[in-house]
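Novice: Shown below is the structure under consideration.
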Amino acid sequence: FMRVVAAEGGGLKLRRQKREWIIPPTRLKENVDYTSREYIAKIRSDKQYTSKVTYSLTGIGADQNPSHLFTVNKEKGLVRINGILDREKTASYHLLGVARYDNGSKAENDIDLRIFVEDQNDCQPVFVFGQSGSVNESKTVVMKVIATDADEVNTLHSKIYYSIVQKSSSDSMFAINYETGEIMVRQTTLDRETQDTYILTVKGSDMNGEMGGNSGTGQVVIKILDINDNIPTLEKESYEGSVEENTVNVEVLRIKAIDMDLKYTENWLAVFTIVTGNEAGYFTITTDSKTNEGIIMITKALDYEELKVLNLAISVSNKAVYYFGSSSTSGGIGGGGVIGGGITGGGKTYPIKINVVNQKEGPKFQPMVKVVTISEDSTTVTINKVITTYAAIDSDTLLTATNVRYAKIYDIDNWLIIDEKTAEIKLNKVPDRESKYLVNGTYYAKIIAITTGKYPY
């Protein structure tokens, strides 16, 4: 019969099973030096009483790496250990004890020798490097941190208790579930516009936080994500601009929106609306997405003589849905929840005065056609006598134009003379009813008024 005797527990611990003797699993503590012991176990074969038997070990830790950690006295069957065990490297060893005769044949069936390495609390919790999380300003759950402990699972040696190392007052913004490592927002005053990043030092303590355990720390970076909790406002309370009459598709005015939310996001991007004053559709307003300015454009020509001033009312909102409830909103709206886009600070509008600039339009004739009736009877017609005066008027004042001179541009039969200063028109010849230049009994001529000197346009 083959038998194994354990030495670590004290006396013999033998259990008979069929024709073999099998040792209960041998338990050795890690980090303990057993090398000075004569043996940790014995293997014996009853065959040695009748024949010479030699003993050997096979398996990981014996003839396989790490080789020679366990050795056996080939004659006495004393199993020794030649190094310090580390459970985190190898938690158990399964060796086979072999008994052979001198001729090499087996004297017995191989016998199991199982060695379990008992855990000691020699490892500290280790956090995964570079853990980071993010949370909206309005949310509560941030992330879950993970620490690992190489000691035996499901024991106090690897039971981790999580905590936050308080280093500054801002750390009190967060709490951690000591069992799960879940980080939560403790206070409801997160405001990205005040602080957008927090760096926490988290601590993991084994033994479930009891005294005498090991601990490790790690850093967690928490980014505060923006929500649309700031109502946009304008730089000024009122604006004034100007535009020339008779112009279209030109920029009239830019108005800049101020928003504390994250730049270049929909939470920051302004949407401008002309609330009143544009019923006739003279203007449009769009947003410059780079500067967050409202660009007022004129799309329909204005006439100074008809309209000299326009008063617009402008409102500003965001493209994104507004979060209704943050205490940090510039508009000061309380409560909680989310509402659609288009909200402005309490329905506030901003007055914008647009002055129409007069554009000198030059003189004009009014009416555009002047009719003069004369007789073809030479006895009643006087040559070089004024038959009418056709002076141009100023388009802006509607008074007789000054700084102009008059000239004919069409008088095919040279019937008329016009005074270039007074616009008095005289006959140059006696009218002829049978003239080939008449159209349905009417003679047509054209005159122009030409500005002179520094006549502004």
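Letter by letter, the sequence shown follows residues 59 to 515 in the working numbering.
We treat Cβ as the ideally placed atom computed from N, Cα and C, and that holds for glycine.
Buried or exposed for residue 328, going by 16 or more other Cβ atoms inside 10 Å?
Specialist: Classification of residue 328: buried, given that the 10 Å Cβ count is 16 or more.
Novice: Does the distance from the C-beta atom of residue 415 to that of residue 309 stay below 8 Å?
Specialist: No. Outside cutoff.
Novice: When we look at the beta-carbon of residue 257 and count the other beta-carbons within 10 Å, is it buried (16 or more) or exposed?
Specialist: Looking at its Cβ environment, which holds fewer than 16 other Cβ atoms inside 10 Å, residue 257 is exposed.
Novice: Report the rounded CA-to-CA distance for residue 204 versus residue 222, giving the unit in angstroms.
Specialist: So the alpha carbons of these two residues sit roughly 13 Å apart.
Novice: In chain order, what are the residue ranges of uninterrupted beta strand (DSSP E) at least 3 long that sit wholly in the region 138-184?
Specialist: DSSP runs (the beta strand (DSSP E)) wholly in the region 138-184: 150-159, 169-176.
Novice: How would you write the range of the beta strand (DSSP E) that residue 242 sits in, first residue to last?
Specialist: Counting along the chain, the beta strand (DSSP E) containing residue 242 begins and ends at 240-243.
Novice: For residue 49, which three-state DSSP category applies?
Specialist: The question about residue 49 has no answer, for the chain in this structure spans 59 to 515.
Novice: Using the rule of at least 16 other Cβ atoms within 10 Å of the residue's Cβ for burial, across every protein chain shown, is residue 433 buried or exposed?
Specialist: Classification of residue 433: exposed, given that the 10 Å Cβ count is below 16.
Novice: Since I believe residue 307 is in contact with residue 355 (beta carbons under 8 Å), could you give me their beta-carbon distance rounded to a whole number of angstroms?
Specialist: Contact flag correct, Cβ pair sits at about 7 Å.
Novice: Which of the three DSSP states, helix, strand or coil, is assigned to residue 270?
Specialist: Residue 270 falls in the coil class under three-state DSSP.
Novice: Using the Cα positions of residue 236 and residue 324, report the straight-line distance between them to the nearest angstrom.
Specialist: Cα to Cα, residue 236 sits roughly 38 Å from residue 324.
Novice: What does a CB cutoff of less than 7 Å around residue 177 pick up in its chain, not counting 5 residues either side in sequence?
Specialist: Excluding positions up to five away in sequence, the list reads 88, 145, 209, 210, 213, 215.
Novice: Can you tell me whether residue 200 is buried or exposed? The criterion is at least 16 other CB atoms within 10 Å of its CB, across all chains shown.
Specialist: Under this definition residue 200 is a buried residue.
Novice: Using only CA atoms, which one of 498, 478, 295 lies nearest to residue 409?
Specialist: Nearest of 498, 478, 295 to residue 409, Cα basis: 295.
Novice: So, are the CB atoms of residue 264 and residue 217 less than 8 Å apart?
Specialist: Yes.
Novice: If you compare alpha carbons, which of 486, 428, 252, 459 is closest to residue 436?
Specialist: Minimum Cα distance to residue 436 is reached at 486.
Novice: Using three-state DSSP, classify residue 485 as helix, strand or coil.
Specialist: It is a strand residue.
Novice: Name the DSSP beta bridge partners of residue 369, please?
Specialist: Paired residue(s): 411.
Novice: Measuring straight from C-alpha to C-alpha, what distance separates residue 502 and residue 369?
Specialist: The straight-line gap from Cα to Cα measures roughly 47 Å.
Novice: Check whether the Cβ atoms of residue 407 and residue 359 sit closer than 8 Å, and answer yes or no.
Specialist: Contact flag unset, no.
Novice: Between 279, 473, 117, which has its C-alpha nearest residue 126's C-alpha?
Specialist: Comparing Cα-Cα distances from residue 126 to each of 279, 473, 117, the minimum goes to 117.
Novice: Using 8 Å as the threshold, is the C-beta distance between residue 100 and residue 137 below it?
Specialist: Taking 8 Å as the Cβ cut-off, residue 100 and residue 137 qualify as a contacting pair.
Novice: Does DSSP put residue 106 in a helix, a strand or coil?
Specialist: Here residue 106 sits in helix by DSSP.
Novice: State the Cα-Cα distance for the pair residue 363 and residue 457, rounded to the nearest angstrom.
Specialist: Taking the straight line from one Cα to the other gives about 13 Å.
Novice: Quick check on the burial criterion: 16 or more other C-beta atoms within 10 angstroms. Buried or exposed for residue 500?
Specialist: Exposed.
Novice: Assign residue 298 to buried or exposed, taking buried as 16 or more other Cβ atoms, counted over all protein chains shown, within 10 Å of its Cβ.
Specialist: Residue 298 should be labelled exposed.
Novice: So the beta strand (DSSP E) residue 221 belongs to, where does it begin and stop?
Specialist: Residues 219-223.
Novice: How about residue 352 and residue 313: do their beta carbons lie closer than 8 Å?
Specialist: Against a cut-off of 8 Å, the Cβ pair of residue 313 and residue 352 comes out as a contact.
Novice: Could you tell me how far apart the beta carbons of residue 219 and residue 266 are, in whole angstroms, since I believe they sit closer than 8 Å?
Specialist: Right, the Cβ-Cβ distance comes to about 5 Å (below 8 Å), so this counts as a contact.
Novice: So residue 113 packs on residue 132, CB below 8 Å; how close in whole Å?
Specialist: The Cβ separation is near 5 Å, so the contact holds.
Novice: Taking the alpha carbon of residue 181 as the point to measure from, which residue in 447, 262, 493, 336 has its own alpha carbon closest?
Specialist: The option with the nearest alpha carbon to residue 181 is 262.
Novice: Could you check if residue 122 is buried or exposed, using at least 16 other CB atoms within 10 Å of its CB as the buried criterion?
Specialist: It is exposed - the Cβ of residue 122 has fewer than 16 other Cβ atoms within 10 Å.
Novice: I'd like to confirm the pairing. Which residues does DSSP put opposite residue 262 in its beta bridges?
Specialist: DSSP, once it has assigned bridges, lists 220, 274 as partnering residue 262.
Novice: Near residue 475, which residues of its chain fall below 8 Å by C-beta distance, leaving aside the five closest residues on each side in sequence?
Specialist: Only 442, 483, 484, 485, 486 meet the Cβ criterion.
Novice: So, at 8 Å on beta carbons, what are the nonlocal neighbours of residue 228 in its own chain, with the 5 sequence-adjacent residues on each side left out?
Specialist: Hits under 8 Å: 253, 256.
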